[in-house]
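>
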Amino acid sequence: KLSLPIHTAAFHFCLDDPEQYLLLKVALRAASAKSRARVKVHYGSHLECQYLLASYGISKELLPLTATYEVDMHRHLNWVDSCIRGNKTNVGAPASNTAVVTEPTANDVLYMGGNM
8 KLSLPIHTAA FHFCLDDPEQ YLLLKVALRA ASAKSRARVK VHYGSHLECQ YLLASYGISK
68 ELLPLTATYE VDMHRHLNWV DSCIRGNKTN VGAPASNTAV VTEPTANDVL YMGGNM
């Protein structure tokens with residue numbers, strides 16, 4: 008049996024449609040407080056959402072997007088392959104000296120206050 012070492016700490020929904028944003032925010036009100044604490048809904052352009060995600064410790068380099076905001080799963084699939092093979096390197100990481108976090112800890116996420 009194959010599995011990936013993934014721990015889901017939270018879900019971030021990034022939306023650029025105001026109707027979808029409001030619908031999801033209203034639907035979340037019906038969820039339990041524990042579930043609401045693990046779900047964040049962001050509204051704005053792609054760039055604005057990237058900045059919002061960065062405030063939670065989620066680097067834009069970790070998102071499967073090209074420069075034109077098209078979905079590109081190549082780097083993600085390389086990472087999945089490396090996990091299956093047991094390789095601990097950051098396959099597909101940006102070619103720079105900055106480290107890409109592949110296993111975030113509880114200290115890597117900044118929880119922002121406010122109403123849902």
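Residue numbers (the working numbering): 8 to 123.
Positions of the beta carbon are idealized from the N, C-alpha and C atoms, including for glycine.
Nothing here was measured: the structure is a model prediction, and the numbers come from that model.
Starting from K47, trace the alpha helix (DSSP H) both ways and give me its first and last residue.
For the purposes of this step, residue 47 is identified with residue 40 of the sequence shown, where counting begins at 1. Careful: K47 lies outside any alpha helix (DSSP H), inside the beta strand (DSSP E) at 46-50.
> Can you say whether V78 is buried or exposed, counting buried as having 16 or more other CB atoms within 10 angstroms of its CB?
By one-based count along the sequence shown, residue 78 stands at place 71. Result: exposed.
> Per DSSP, which residues does H19 bridge with? Please list them.
Taking the sequence shown and counting its residues from 1, one reaches residue 19 at position 12. According to DSSP, which records beta bridges pairwise, H19 is partnered with K47.
> Out of Y76, S89, L31, point me to the one whose CA is closest to E55's CA.
Here residue 55 refers to the residue found at position 48 when the sequence shown is read from its first residue. For the residues Y76, S89, L31, the minimum Cα distance to E55 belongs to Y76.
> Do the CB positions of A17 and R43 come within less than 8 Å of each other?
As a position in the sequence shown, residue 17 is number 10, starting the count at 1. As a position in the sequence shown, residue 43 is number 36, starting the count at 1. No, these two residues do not count as a Cβ contact at 8 Å.
> I believe S22 touches Y58 by the beta-carbon criterion, under 8 Å. Please report the beta-carbon distance rounded to the nearest angstrom.
Within the sequence shown, the letter at position 15 stands for residue 22. Within the sequence shown, the letter at position 51 stands for residue 58. According to the sequence provided, residue 22 is Leu. The question's Ser does not apply to it. Not really, about 15 Å apart at Cβ, beyond 8 Å.
> Could you give the residue range of the alpha helix (DSSP H) that holds E55?
Along the sequence shown, read from residue 1 onward, the residue named residue 55 stands at position 48. Here the alpha helix (DSSP H) through E55 covers 53-61.
> Considering only the beta carbon of each residue, do H14 and L60 sit closer than 8 Å?
In the sequence shown, counting from the first residue as 1, residue 14 sits at position 7. In the sequence shown, counting from the first residue as 1, residue 60 sits at position 53. No. Outside cutoff.
> Identify, in the order they occur along the chain, each residue of the same chain with its Cβ nearer than 8 Å to the Cβ of S52, setting aside the five sequence neighbours on each side.
Mapped onto the sequence shown, residue 52 falls at position 45. Hits under 8 Å: D23.
> For the alpha helix (DSSP H) that I13 lies in, which residues bound it at each end?
Along the sequence shown, one-based indexing puts residue 13 at 6. Note, I13: premise wrong, no alpha helix (DSSP H); not H, not E.
> Given this structure, state the Cα-to-Cα distance separating K67 from A37, to the nearest angstrom.
Along the sequence shown, read from residue 1 onward, the residue named residue 67 stands at position 60. Along the sequence shown, read from residue 1 onward, the residue named residue 37 stands at position 30. K67 and A37: Cα-Cα distance of roughly 31 Å.
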